[in-house]
Amino acid sequence: MPTEPPPATATLDEALELVDELERRCCEPGRSPRMSALRTTIDRARSSIDTGEPERVAALLEQAGAQVGHLQVGCCAPNRLPLYAGVLERLTLTRLRVGPDMHDA
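Quick note on the working numbering: the sequence shown kicks off at 203 and runs consecutively.
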């Protein structure tokens with residue numbers, strides 16, 4: 203029997219865990235305003251899921267994806283690339299799970 207995928211909020215929690223790991227591996231942990239902004243954007247998307255705002259969720263997920271891309275391209279450490287890819291994957295999975303009627307959230 204196939205298992206049911208985690209809810210969209212759980213997927214964003216996973217993305218936040220990956221962001222935390224990225225920051226721990228950063229050259230200057232705790233000092234990246236861009237990493238903090240990404241965390242804030244993901245938190246806002248999660249809150250929008252909880253309040254049933256699919257259009258806002260979609261916009262915030264797109265914004266978070268752009269922030270991840272910016273960070274990834276500016277990152278000089280290949281060992282962090284899988285973490286960036288993991289964050290993007292979870293943002294995409296969240297978007298797929300949050301339909302216009304929010305039935306999957």
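Note that the Cβ used here is the ideal one computed from N, Cα and C, for glycine as well.
Between residue 217 and residue 251, the gap from beta carbon to beta carbon reaches 8 Å or more. Residue 255 sits in coil when the DSSP states are folded into three classes, being neither helix nor strand.
Between the segment 257-276 and the segment 285-303, the count of C-beta pairs closer than 8 Å reaches three or more; the two stretches touch. Of the candidates 210, 212 and 221, 221 places its Cα closest to the Cα of residue 288.
Beyond the five residues adjoining it in sequence on each side, residue 248 comes within less than 6 Å, by CB distance, of 211 and 214 in the same chain, given in chain order.
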